[in-house]
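J.: After the structure tokens below, expect a handful of questions from me.
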Amino acid sequence: MNAPASRVENRSLSQALPLLLLPGTVCDARLFEPLMAELDHPDMRVMDMTGADTTSELARKLLAKAPSRFALLGFSLGGIVALEMMAQAPERVERLALIDTTPRPDPEANAKVRRNSVEKARKTGMDSYILDAWEKLVSPANVGDEKLKEVIADMARQAGADVLAAQSEVAIFRADSRDRLKAIKVPTLVLAGEDEQICPLSAHEEIAGGIADARFFTIPHAGHFAPLENPADVARHMRDWLAETNAHHAAQAADQGVEMSANDSTGKGKAMPATGKEEVLQVERHDYVDLAPTDRPRSQSMEGFDDIYTDIVDYIIRCTHKIWDERDIGLIYTHYTHNCVLYGSSGTIYNREDIVRDTIQRLVSFPERRGMGTQVIWNGNDKEGFFTSHLVTGSGRHTQYGHFGAPTGKPFVSRTIADCMIFQNKIYREWVVADNMAIIQQLGLDPHAFAMRTAKAKFDAGLLSLDIGENRRFVGQTPPAEKADTSLAHNDVEAQTIEMLHEIFVKRMFGRITQDYAPNAQYHGPLMKELYGHAAIIHQHLGLIGSLPDASYEVQHVASNPCDEGGTKVAVRWIMEGHHLGYGILGTLGDPTGKRVQVMGMSHYHWKNGKIVDEWTVYDEMSLLTQVKLGQLADGAELE
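Per the UniProt record's numbering: the sequence shown ends with 640, consecutive numbering throughout.
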């Protein structure tokens, strides 16, 4: 079973240390070349595994040549020797990785088999040693890979029968390391090819179970030679391993004068990263299991939050998955205040109990729905409160009777953005924009019938249409404001984003898009639109105003974070209010009705090298159609 890996970065210590690589039987540096090409580590050293006939002797030889402190990776026989090095000099090993290996002693019957293989290799050549076992050495997916076979066979040829003989004796007389595992206190990574046949997966599970907090992963499309068969996946886990923070070694480092802060995880909200600065997760490039382990050290000040949460992004990703995907809906009671207000594109909820009920109803309608966290943009702190903007891509099938009517069995995919205000583990205000029109269309339902049914329920409950007040895009007969109000911005890129939106949506200067967007920018819009380039993006924004030509536009909130992909991502929540007076991209509204509508929208922008390269925008056309129907119902009531 795969255990999740940590993503908390503490490279100041681990990347300053040499990484010693111990190859397996009759292997050399070529075993690790693809892996080394994938890793960004300044000092990697492939060690010579010859010159000794026992594991203890070989371990002493390697330790004599090793620096005073180092990270250690052992493959196969190298893993066996790495465990011996840990036993002899645990204070010198900063972290340990074991790949396709075993802690078990060699079965007595293996001695004869190994020595017979050596004699055959002396008589027929080293190729036979590899070719006779080929189908056990690699994954079935790689049996036909002639290039891989030649690399492994040539390593054996270059090593020769004498090296094979000596290394076979090392394997025969190796120690039983299983009782030693509990003494290992460093960050430990255990990897095995999922098709491993030489060192059984149960042996790897034994290692991971014996070492506190060890992480075990199987490598897909790999057998015994995982570093050569799938170096990219091995490297991905190794990067996490090299970045992992370890409290025990933080204390050791402090004793040796390395500048690190304490990692006290005993008090709720007290643990901080060993680097002395906050290291908050980013979502985009990582798999869910990498984002939500149960043993990652806290990396951000989170006073008042449950101990399991390491930072505010982890909080949002983890609790959302628990509530929606794992069906722990009752967590809402510990993650929302009793009087939380949820502003949705189709209505407002004013208390926690109604949020619980609404969540249940949505899961009843779409039991197969999965909401994938796409990105989280945040700001704030645990003293004043956090703000998060969480983009979710949801997919599933309509299999149950619910608020969308009788099941259609059809699949759907849609986007949602949720903005949350959070203090001490509880969300106290939330804005949610879900693209319900995308779902309606994909299910083949009639949007007008659905909108009228929703509007009728609102009308019968006494809700009036929105046609009240004055359009505040400008005052009287004056033109729109020349300059944007950037008081909401926390930095220059947020101010630039607000200024751009003011130019486009308030001043109607749509040509600004060619100035601020990259020529190949991608637009991810409502109704699951995926568009590219200036012309297409201009048409989307021009078309929205075309449908609501008198619309005002106001930014309500803005936040931003630097991102792993380079540049900065900015989240904007905005409101448009106007009348359905024209034609544009809101085609389901039909011919202009003159009805006043309010668009609650949210957008995420990725700025890179001074240009926007991606825009994600979500608003709900179904909400607008419902508002039009509500206005029409009000007109009918006035005529009666």
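All C-beta atoms, glycine included, are put in the ideal place defined by N, C-alpha and C. Everything numeric in this text was worked out from a predicted model, so none of it was measured.
1) Taking all protein chains shown into account, decide if residue 68 is buried (16 or more other Cβ within 10 angstroms of its Cβ) or exposed.
2) Give the range of the beta strand (DSSP E) segment to which residue 419 is assigned.
3) Which one of 422, 538, 307, 162 has the shortest CA to CA distance from residue 122?
4) Of all the CB atoms in chain C, is at least one closer than 8 Å to the CB of residue 355?
5) Suppose you measure from the CA of residue 233 to the CA of residue 220; what does that come to, to the nearest Å?
6) From the DSSP output, which residues share a beta bridge with residue 548?
7) Just how far apart, CA to CA, sit residue 187 and residue 72?
8) For residue 491, count neighbouring Cβ atoms within 10 angstroms of its own Cβ and tell me buried if that reaches 16, exposed if not.
9) What's the gap between the Cα of residue 152 and the Cα of residue 137?
10) Name the residue from 503, 507, 485 whose alpha carbon lies nearest to the alpha carbon of residue 516.
11) Can you look up residue 151 in the DSSP assignment and give me helix, strand or coil?
12) Would a C-beta distance cut-off of 8 Å place residue 524 and residue 530 closer than the cut-off?
13) For the alpha helix (DSSP H) containing residue 240, name the first residue and the last one.
14) May I ask you to verify whether the region 210-226 touches the region 181-197, counting CB pairs closer than 8 Å and requiring at least 3?
15) Does the separation of the CB atoms of residue 332 and residue 362 fall below 8 Å?
16) Which whole runs of the alpha helix (DSSP H) in the region 443-522 are 4 residues long or more, in chain order?
17) Just reading off the alpha helix (DSSP H) that residue 319 is part of, what are its end residues?
18) Under 8 Å between the Cβ atoms of residue 235 and residue 39?
19) Just tell me which of 612, 375, 421, 61 has its CA closest to the CA of residue 89.
20) Where does residue 271 fall in DSSP's three states?
21) Given this structure, state the Cα-to-Cα distance separating residue 489 from residue 636, to the nearest angstrom.
22) Assuming residue 645 and residue 430 form a contact by the criterion Cβ under 8 Å, report the distance between their Cβ atoms to the nearest whole angstrom.
23) Evaluate residue 28 with the Cβ neighbour count: other Cβ atoms within 10 Å of its Cβ, from every protein chain shown; 16 or more gives buried, anything less gives exposed.
24) List the endpoints of the continuous alpha helix (DSSP H) containing residue 206.
25) By a C-beta neighbour count over all protein chains shown, 10 Å radius and 16 as the cutoff for buried, is residue 625 buried or exposed?
26) Starting from residue 359 and walking both ways along the alpha helix (DSSP H), at which residues does that stretch end?
27) Taking 8 Å as the cut-off, decide whether the C-beta atoms of residue 527 and residue 435 are in contact.
28) Of all the options 237, 131, 33, which has the alpha carbon lying nearest to the alpha carbon of residue 98?
29) With residue 116 as the anchor, note down where its beta strand (DSSP E) starts and where it stops.
30) Alpha carbons only, please: which of 227, 226, 185 is nearest the one belonging to residue 208?
31) Does the ligand NAP have even one heavy atom less than 7 Å from the beta-carbon of residue 58?
32) Is residue 310 buried or exposed, if buried means 16 or more other CB atoms sit within 10 Å of its CB?
33) Go to residue 395, then tell me how far its beta strand (DSSP E) extends in each direction, as first and last residue.
34) For residue 482, which of 171, 600, 79, 501 has the nearest alpha-carbon?
35) Can you tell me the Cβ-Cβ gap for residue 370 and residue 419, rounded? I've got them flagged as a contact below 8 Å.
36) Is the number of C-beta pairs between the region 194-203 and the region 114-130 that are closer than 8 Å three or more?
T.: Considering the structure as presented:
1) Within the sequence shown, numbered from 1, the residue matching residue 68 stands at position 68. By the Cβ neighbour-count rule, residue 68 is exposed, with fewer than 16 other Cβ atoms within 10 Å of its own.
2) For the purposes of this step, residue 419 is taken as the residue at position 419 of the sequence shown. It spans 411-423 - the beta strand (DSSP E) in which residue 419 sits, taken as one unbroken run.
3) Taking the first residue of the sequence shown as 1, we reach residue 122 at position 122. It is 162 whose Cα lies nearest to the Cα of residue 122.
4) Going by chain labels, chain C is absent from the structure shown, which holds only one protein chain.
5) Taking the sequence shown and counting its residues from 1, the one referred to as residue 233 is at position 233. Taking the sequence shown and counting its residues from 1, the one referred to as residue 220 is at position 220. In a straight line, the C-alpha of residue 233 is about 8 Å away from that of residue 220.
6) Locating residue 548 in the sequence shown gives position 548, counting from the first residue. The partner list for residue 548 (beta bridge, DSSP) is empty, contrary to what the question assumes.
7) Sequence index remark: in the sequence shown, residue 187 carries index 187 (1-based). Sequence index remark: in the sequence shown, residue 72 carries index 72 (1-based). Going from the Cα of residue 187 to the Cα of residue 72 covers about 11 Å.
8) Start at 1 with the first residue of the sequence shown, and residue 491 comes out as number 491. Burial call: exposed.
9) Counted from its first residue, the sequence shown places residue 152 at position 152. Counted from its first residue, the sequence shown places residue 137 at position 137. If you draw a straight line from the Cα of residue 152 to the Cα of residue 137, it comes to about 10 Å.
10) Here residue 516 corresponds to residue number 516 of the sequence shown, with the count starting at 1. Ranking the options by Cα distance to residue 516, first place goes to 503.
11) Counted from its first residue, the sequence shown places residue 151 at position 151. Helix.
12) Looking up residue 524 in the sequence shown gives position 524. Looking up residue 530 in the sequence shown gives position 530. Their beta carbons are under 8 Å apart, which means residue 524 touches residue 530 by this criterion.
13) By 1-based counting over the sequence shown, the position of residue 240 is 240. For residue 240, the enclosing alpha helix (DSSP H) begins and ends at 231-243.
14) Taking a cut-off of 8 Å on C-beta distances, the region 210-226 touches the region 181-197, as three or more cross pairs fall below it.
15) By one-based count along the sequence shown, residue 332 stands at place 332. By one-based count along the sequence shown, residue 362 stands at place 362. Contact check for residue 332 against residue 362 fails: the beta carbons are separated by 8 Å or more.
16) Segments of the alpha helix (DSSP H) lying fully in the region 443-522: 447-460, 492-501, 512-516.
17) Residue 319 sits at position 319 when you count from the first residue of the sequence shown. Run containing residue 319: 312-320, per the alpha helix (DSSP H) assignment.
18) In the sequence shown, the residue the question calls residue 235 occupies position 235. In the sequence shown, the residue the question calls residue 39 occupies position 39. The criterion of a C-beta distance shorter than 8 Å is satisfied by residue 235 and residue 39.
19) One-based indexing of the sequence shown puts residue 89 at position 89. 61 is the residue among 612, 375, 421, 61 whose C-alpha sits nearest the C-alpha of residue 89.
20) As a position in the sequence shown, residue 271 is number 271, starting the count at 1. Unreliable placement is indicated for residue 271, whose pLDDT of 42 sits below 50; the coordinate value is still reported in the next sentence. DSSP places residue 271 in coil when its eight states are reduced to three.
21) Taking the sequence shown and counting its residues from 1, one reaches residue 489 at position 489. Taking the sequence shown and counting its residues from 1, one reaches residue 636 at position 636. Using only the alpha carbons, I get a separation of about 44 Å.
22) Absent from the model: residue 645. The displayed extent of the chain is 1 to 640, so no value can be given.
23) Indexing the sequence shown from 1 puts residue 28 at position 28. Residue 28 is buried by the Cβ-count criterion.
24) Position 206 of the sequence shown, counted from the first residue, corresponds to residue 206. For residue 206, the enclosing alpha helix (DSSP H) covers residues 201-210.
25) If you number the sequence shown from 1, residue 625 lands on position 625. Residue 625 should be labelled buried.
26) Here residue 359 refers to the residue found at position 359 of the sequence shown. Segment 352-365, the alpha helix (DSSP H) holding residue 359.
27) Stepping through the sequence shown from its first residue, residue 527 is reached at position 527. Stepping through the sequence shown from its first residue, residue 435 is reached at position 435. For residue 527 and residue 435, yes; Cβs fall inside 8 Å.
28) The residue labelled residue 98 in the question sits at position 98 within the sequence shown. Nearest option by C-alpha distance: 237.
29) Within the sequence shown, residue 116 is the residue found at index 116, counting from 1. From DSSP, residue 116 is part of no beta strand (DSSP E) but of the alpha helix (DSSP H) over 110-124.
30) Here residue 208 corresponds to residue number 208 of the sequence shown, with the count starting at 1. Proximity to residue 208 across 227, 226, 185 peaks at 185, based on C-alpha coordinates.
31) This structure lacks the ligand NAP; in fact it carries no ligand of any kind.
32) The residue labelled residue 310 in the question sits at position 310 within the sequence shown. Classification for residue 310: buried.
33) Locating residue 395 in the sequence shown gives position 395, where the first residue counts as 1. Element bounds for residue 395: 385-397.
34) In the sequence shown, residue 482 corresponds to position 482, counting from 1. Considering only alpha carbons, the answer is 501.
35) On the sequence shown, residue 370 is found 370 positions in, with the first residue counted as 1. On the sequence shown, residue 419 is found 419 positions in, with the first residue counted as 1. Taking a contact as a CB-CB distance under 8 Å, the pair residue 370 and residue 419 does not count as one, their CB atoms being some 21 Å apart.
36) Inter-segment contact for the region 194-203 and the region 114-130 is absent: fewer than three beta-carbon pairs are separated by less than 8 Å.
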